[in-house]
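Notes follow the structure.
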DNA sequence: TCGTAACCGAGACGGTACGTCTCGTCTTAGG
DNA sequence: CCTAAGACGAGACGTACCGTCTCGGTTACGA
């Protein structure tokens, strides 16, 4: 639908706050009523954009190196780079604001990130090949990772280089050497 | 300042979106210009409320039992209970929205939760008494915990009972028995 | 046609301003396009209602007493009573508004009131029996009477009792006694 | 007030129907709310324009020749000429529509035309100098004249030349010669 | 008997204007 | 002199209708 594309365009340009129904209608060459006929609110509209994948860049998921830890670090790092790029924080915060203000968007965010994402596949595979124990709290590991990203976005924390590695360490548990002693460069 | 109290009252009642400068001015018995003289935006106003502790309930921090894991689970559980209570999710989401939309609020949230909180003290003490290794990524552990709470709030995930325990397991790393095998009820 | 009846019903209920094509279509159980197929505008629709006599009450014309003056006063009085009744002024003003806004309705009003009405017959008869001179400006006398009614409706003037008599005096010219002196209770 | 002037300008250009609050606001360089703060409706706005004399041309009243009949015919004729001119009928019908739809405008029309006008002065003087009997129904004579003009406007009757004379004859009563026989060119 | 065409109801569409709301600035009267 | 009160220009909100435009579904006629 042209409306969704117009919404995505304006959302990326201006953010959620500045997004207006009138602007969308005009951008899409559509009457306002046509939007209200199909969506109950700005939130629902943005949620559908999310569902259609019009808001988030694709191709974040890195290649599978066989090592879950490496892959996660690469993935997180890509996200951080994206968040440091121009417009990245604004888009992310707009999404968070939209999710906070609208049940539709919030639920959709959960669906998009929580269940159907790269993380789920990768975690499942890691369990299958024995890199993670079968009783690992996969759900919470994902929440911890994604939540940390959101938290850092909210608090405007700059994403320095090895935060990604440390976060993965937290999520997966520390690497264990044969002697059971933790290793890793965790100094900050 | 009466303005901050009025802001906090209306914020708690109506949330961030419904909060209006005119409403605050009227509630505080003050001219709008007086507000604009001291704060540049709604966000700055809310950020100052946050700083004064007018928005968040006190006394979440549980007693120190000596065991960091127990204390964290208790603390998380209290938060979850708060989030399940009437008005809890709305207030939390309003805070998130405010943080997303306003740099002031976002930064203040970071200060409030990230540096000056219960978590920092508790983590530091755990390191001191050897419950955590000295090189533990404390910062990221906190981000993971708080971020997960935010993520669950955003996605409207209901906070069932042992999510708290699992999240703490993720954050602290699993409990290790003498044999180096993880234990815990992590099935979901 | 069901459409005309629906139009008349809604016109009587709500007036010309509140009359909407969509309302008529719905009331008549008809698609909007069907109305637009047969009538070009709301005005044309109302004009046809007028032509069919669906908008105005019938039977205003009083019995013929033989005296033109008496009959006119009775007729005017009936009109005034109608105008004082519930919904009377609203209907009349709606008609005026419709006539002012739509050439169709205006022309039809002229036909209905100006040429085919009680007044024409009555005036003609009065001329025939010698109650009015043969060169009397019948057209203008009618305009004066009807126009005065419209003017009073527009200006919301209450129709007190002997306005009717005075108006008829104006239209017919004053009664003349043998001595050529005017008589009549014309004090106001 | 700039708002009233803008209203008058647009009313004269476009008529009452096409008059929009948004158009007025824009034309006056004013926010819509400012209009709504001071006037409850389009009607009230137009009524105030009327009161300020912004809608009607001035200088209709002719010189006083001493003969009421001549003056009235001249006056009526001027009105008819105005009504034949470009935009004349549209303005008049817009006024009528406005008066029909809005109590404010209707009442003001009554004030403007019915009580404070040229007619009242002229009639009073005619009574004073004996051209009209002291008990003449002046009010109704005025209503008849103005009403006839309105009626002719509504019905789109073209205002041919001697309609004015005939209307005045109706309003004043026919001229009486010494022999009590009516005279006048009343053929149509 | 069966297309096929006209006409229907329904209602989505791109628009305009509505009247309300809030923004951030500007003005004013009174303490 | 500062403040409360609130008017102001601006413009988004969600609603009501406008007049146009497809849609299927049903008669009803001509082949």
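Residue numbers (my numbering), protein chains in the order written: chain A, 54 to 241; chain B, 54 to 241; chain C, 54 to 241; chain D, 54 to 241.
Where a beta carbon is used, it is the ideal one built from N, C-alpha and C, also for glycine.
Query - Separation of residue 82 (chain B) from residue 213 (chain C), as counted between CA atoms - result: 54 Å
**Report entry** Between the CA atoms of residue 125 (chain B) and residue 230 (chain B) - distance to the nearest angstrom
**Finding:** Because the pLDDT of residue 230 (chain B) is 43, which lies under 50, any placement of that residue in the model is unreliable, and the number read from its coordinates should be weighed accordingly. The straight-line gap from Cα to Cα measures roughly 20 Å.
Query - Validate contact between the region 194-212 of chain A and the region 133-153 of chain A using beta carbons, cut 8 Å, 3 pairs - result: yes
Query raised in the report: Count the other CB atoms within 10 Å of the CB of residue 223 (chain C); is the residue buried (16 or more) or exposed (fewer)?
Result: buried
Query raised in the report: So, residue 98 (chain C) versus residue 60 (chain C), is the Cβ gap smaller than 7 Å?
Result: yes
Query raised in the report: For residue 56 (chain D), which three-state DSSP category applies?
Result: helix
**Report entry** C-beta atoms of residue 157 (chain A) and residue 96 (chain A) nearer than 7 Å
**Finding:** yes
Query raised in the report: Roughly how many angstroms lie between the CA atoms of residue 56 (chain C) and residue 102 (chain D), to the nearest whole one?
Result: 39 Å
Query raised in the report: Between the region 64-80 of chain A and chain B, which residues of the former have a C-beta closer than 9 Å to a C-beta of the latter?
Result: 68, 69, 70
Report task. Identify each residue in the region 169-191 of chain A for which the Cβ-Cβ distance to at least one residue of chain B is less than 7 Å, and report them in chain order. Result -> 186, 188, 189, 190
Query raised in the report: Can you give the Cα-Cα distance for residue 200 (chain A) and residue 219 (chain A), rounded to whole angstroms?
Result: 14 Å
Query raised in the report: If the cut is a Cβ gap below 9 Å, which residues of chain C does residue 203 (chain D) touch?
Result: 149, 200, 203, 204, 207
Report task. Return no unless some Cβ of chain A is closer than 7 Å to the Cβ of residue 107 (chain B). Result -> no
Query raised in the report: residue 196 (chain B) CB to nearest chain A CB: under 7 Å?
Result: yes
Query raised in the report: Whole alpha helix (DSSP H) runs in the region 87-147 of chain D with 4 or more residues, listed along the chain?
Result: 95-104, 121-137
Requested in this report: Just the chain C side, please: which residues come within less than 9 Å of residue 126 (chain D) by C-beta, in chain order?
Outcome: Within chain C, no residue comes near residue 126 (chain D); the closest Cβ sits about 13 Å away, beyond 9 Å.
Requested in this report: Report the rounded CA-to-CA distance for residue 242 (chain A) versus residue 216 (chain B), giving the unit in angstroms.
Outcome: The requested residue 242 (chain A) does not occur in the structure, where chain A is confined to residues 54 to 241.
**Report entry** is_contact[residue 153 (chain C), chain D] using C-beta, thresh 7 Å
**Finding:** yes
Query raised in the report: Should residue 238 (chain C) go down as buried or exposed, given a rule of 16 or more other Cβ atoms within 10 Å for buried?
Result: Bear in mind that a pLDDT of 43 at residue 238 (chain C), under 50, signals an unreliable position, so the number given afterwards is only what the model happens to contain. That one is exposed.
Query raised in the report: Between residue 121 (chain B) and residue 120 (chain A), what straight-line distance do the alpha-carbon atoms span, to the nearest angstrom?
Result: 31 Å
Query - 7 Å CB neighbourhood of residue 180 (chain B) in its chain, flanking five on each side removed - result: 187, 189
Query - Proximity below 7 Å, CB of residue 161 (chain C) to CB of residue 104 (chain C) - result: yes
**Report entry** Members of the region 158-169 of chain D near chain C, C-beta cut-off 7 Å
**Finding:** 159, 160, 162, 163, 167
Query raised in the report: Should residue 226 (chain A) be flagged as near chain B, meaning a C-beta pair shorter than 7 Å?
Result: yes
Query raised in the report: Start and end of the alpha helix (DSSP H) containing residue 32 (chain A)?
Result: Outside the shown range of chain A, which is 54 to 241, sits residue 32 (chain A), and nothing can be said about it.
Report task. Could you tell me if residue 226 (chain A) is buried or exposed, where buried requires 16 or more neighbouring beta carbons within 10 angstroms of its beta carbon? Result -> buried
Query raised in the report: residue 122 (chain D) CB to nearest chain C CB: under 7 Å?
Result: no
Query raised in the report: Nearest to residue 137 (chain A) by CA position, among A:62, A:211, A:91, is which residue?
Result: A:211
Query raised in the report: residue 173 (chain B): which of B:127, B:65, B:191 sits nearest, CA to CA?
Result: B:191
Report task. Could you tell me which chain B residues have their CB closer than 9 Å to the CB of residue 156 (chain A), listed as they occur along the chain? Result -> 209
Report task. Flag residue 219 (chain C) as yes if its beta-carbon sits less than 7 Å from any beta-carbon of chain D, otherwise no. Result -> yes
Report task. Give a yes or no on whether the C-beta atoms belonging to residue 78 (chain A) and residue 171 (chain A) are separated by under 7 Å. Result -> no
Query raised in the report: Exposed or buried, what is residue 75 (chain D) when buried is set at 16 or more other beta-carbons lying within 10 Å of its beta-carbon?
Result: exposed
Report task. Under 8 Å by Cβ, that's how I've got residue 107 (chain C) and residue 198 (chain C) pegged, so tell me the actual separation to the nearest angstrom. Result -> Actually they do not touch by this definition, with Cβ atoms about 24 Å apart.
**Report entry** The alpha helix (DSSP H) enclosing residue 193 (chain A), as first and last residue numbers
**Finding:** 191-207
Query - Any chain C beta carbon closer than 7 Å to residue 90 (chain D) - result: no
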